[in-house]
Structure formats: C-alpha cells, structure tokens
Amino acid sequence: MSTVDPLTTPAGVAPASDIPEEPHAQHGYTSNKDSYLRRLKRIEGQVRGIARMVDEDKYCIDILTQVAAVNKALHAVSLGLLEEHIGHCVVGASSEPDPGTRADAINFKVKEATDAIGRLLR
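Sequence positions in the sequence shown follow our numbering and run 5 to 126.
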C-alpha cells in the first residue's frame, strides 16, 4: 500500500502506483515523448527560477508573472496529453474486436478522459 503525501498529491488524484497499467502498453504520447520531456525540463527550470526569485526577495508581481507562465506551460502539456489520450486510447478502445467488451472499453476510456478534464478544470 502506498502512502500519499497530502502536500504533494492533489486531492482526488490517485498516486501513479495505484493506477493499473497494461503491461508493455504503448501510450498515445510515446511518439512525442522526447518533446514532452524537453517541455517538462524547461518548466522544471522555470519553477527553480521562481524559487530563486522568492529566495532573493524579488518583486511579488514579477514572481506571479513567472508562476502564470509555468501554469500556461503545464496547461499546454496537459492538453497535449489529453489529445493524445483521446486520439490513441479512446479511439483504440473502439477497435476492440469483441463487441461485448468494446462498449465497456470505450466507456472506461471516455470516463478516464472526462475525469482528467475535470481535474484540469479545478
């Protein structure tokens, strides 16, 4: 059983270790993985810069401007991943050969996407 740190895990978000994963599954973002990693490393650098600004007692409005830039960058990554999920996972579920499980697979993937959108909108 994993321990969730409420200070670092947003409410209603399952820790990655609690989310079931298909073995050796190729995800929709796999073909763009390097691009996502570059963007996330850039965002990581921006966050370190914000921490440095706070440490150096920079003007609050300048810090807030940088926080807004990080939020916008994370939003762009989130939308890209969501688009990849819909284009790969949801569409992939529709190609399930067994009609009996196809509807369940589609419903499950759509529910995942809907829940993710809900978390992004909070």
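Every residue, glycine too, gets a C-beta built ideally from N, C-alpha and C.
ask   = Out of Glu48, Gly49, Ile67, which has the shortest C-alpha to C-alpha gap to Met57?
value = Ile67
query = Assuming His89 contacts Ala107 under a Cβ cut-off of 8 Å, what Cβ separation, rounded to an integer in Å, is found between them?
reply = So it is not a contact: roughly 19 Å between Cβ atoms.
message = Quick check: Ser82 and Leu124, are their CB atoms within less than 8 Å of each other?
response = yes
query = Three-state secondary structure (DSSP) at Ile89?
reply = Residue identity differs from the one stated: residue 89 is His in this sequence, not Ile. DSSP places His89 in helix when its eight states are reduced to three.
task = Determine the direct distance from the alpha carbon of Asn36 to that of Glu60, and round the result to whole angstroms.
result = 36 Å
task = For Phe112, I'd like the list of residues in its chain whose CB is within less than 8 Å of its CB, leaving aside the five on either flank, ordered along the chain.
result = Ala97
query = If we ignore side chains and look at the alpha-carbon of each, how far apart do Ile110 and Ile65 end up?
reply = 45 Å
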